[in-house]
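Student: Residue numbers (the working numbering): 3 to 231.
(1) Which runs of the alpha helix (DSSP H) fall wholly inside the segment 47-123 and span at least 4 residues, in chain order?
(2) Mapping DSSP to helix, strand and coil, what is residue 223?
(3) Restricting to Cα atoms, I'd like to know which of 160, 107 and 117 is closest to residue 47.
(4) What's the call for residue 193, buried or exposed, on a 16-neighbour Cβ count within 10 Å?
(5) Quick check: what's the CA-CA separation for residue 105 versus residue 177?
(6) Between the beta-carbon of residue 52 and the beta-carbon of residue 180, is there less than 8 Å?
(7) Count the other CB atoms, across all protein chains shown, that sit within 10 Å of the CB of residue 214; report buried if there are 16 or more and exposed otherwise.
(8) Give a yes or no on whether the C-beta atoms belonging to residue 226 and residue 175 are separated by under 8 Å.
(9) Evaluate residue 230 with the Cβ neighbour count: other Cβ atoms within 10 Å of its Cβ, from every protein chain shown; 16 or more gives buried, anything less gives exposed.
(10) When burial is assigned at 16 or more other CB atoms within 10 Å of the CB, is residue 236 buried or exposed?
(11) Can we say the segment 153-160 touches the segment 86-93, given the rule of at least three CB pairs closer than 8 Å?
(12) Per DSSP, what kind of secondary structure is residue 155 in: helix, strand or coil?
(13) Here's a check: name, in chain order, each residue in its chain whose Cβ is nearer than 6 Å to the Cβ of residue 108, leaving out the five neighbours to either side.
(14) Taking 8 Å as the threshold (C-beta atoms), are residue 172 and residue 128 in contact?
(15) Assuming residue 35 and residue 102 form a contact by the criterion Cβ under 8 Å, report the distance between their Cβ atoms to the nearest whole angstrom.
(16) Given residue 49, which residues of its chain have a CB within under 6 Å of its CB, disregarding the five upstream and five downstream residues?
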């Protein structure tokens, strides 16, 4: 593979992943907090640890993009609508904005902050697990004929069919708790409702594509929340 192809197919997408991750999860909250008072953001151990986790996520995400093989045409990436992506960003923005200014934020409670950070970290671990499983699946699928696609049932996909969407929910929940945000918790409701609505259309496509195995898959796993839904 030529250097130009490596740049286009691996390095630039990996670099873009770093930028997108840092922008959505760290730069936006910092802007909402206020660039004139960044020292106070990092003076809190939970917020400082959160920033470190996000930077590590960006690097791991870039590595995952770099090692991911080309995606077959029959595979379905997560396809979120614009308002769902915007809602995700709004939760991070408003939570950080309210935390600094005590707007729609509960009283300072360090254990709740740390619990939120732990939840966020759990989402990050789940995301890495799901993405590594996805990469291995794509490697196995390389060269398969499109009329005989394999259904991914390994890793977290063994228990839930849409771990990527669950990761977003966990991120937002953890961030809202770590940044004391009532509005962040409230906005989770329409976000989850939108995901549930989106899943119905995604699974209709899956049922059409995986006719032979989808009925069993549908009855042996949950859509979004383990043991619940």
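Think of the CB as a built atom: it goes at the ideal place given N, C-alpha and C, for glycine as much as any other residue.
Tutor: Looking at the atomic coordinates:
(1) 47-69 and 84-103
(2) coil
(3) 117
(4) buried
(5) 16 Å
(6) yes
(7) exposed
(8) no
(9) exposed
(10) The structure shown does not extend to residue 236, since the chain spans only 3 to 231, so no value can be given for it.
(11) no
(12) coil
(13) 182
(14) yes
(15) 5 Å
(16) 43
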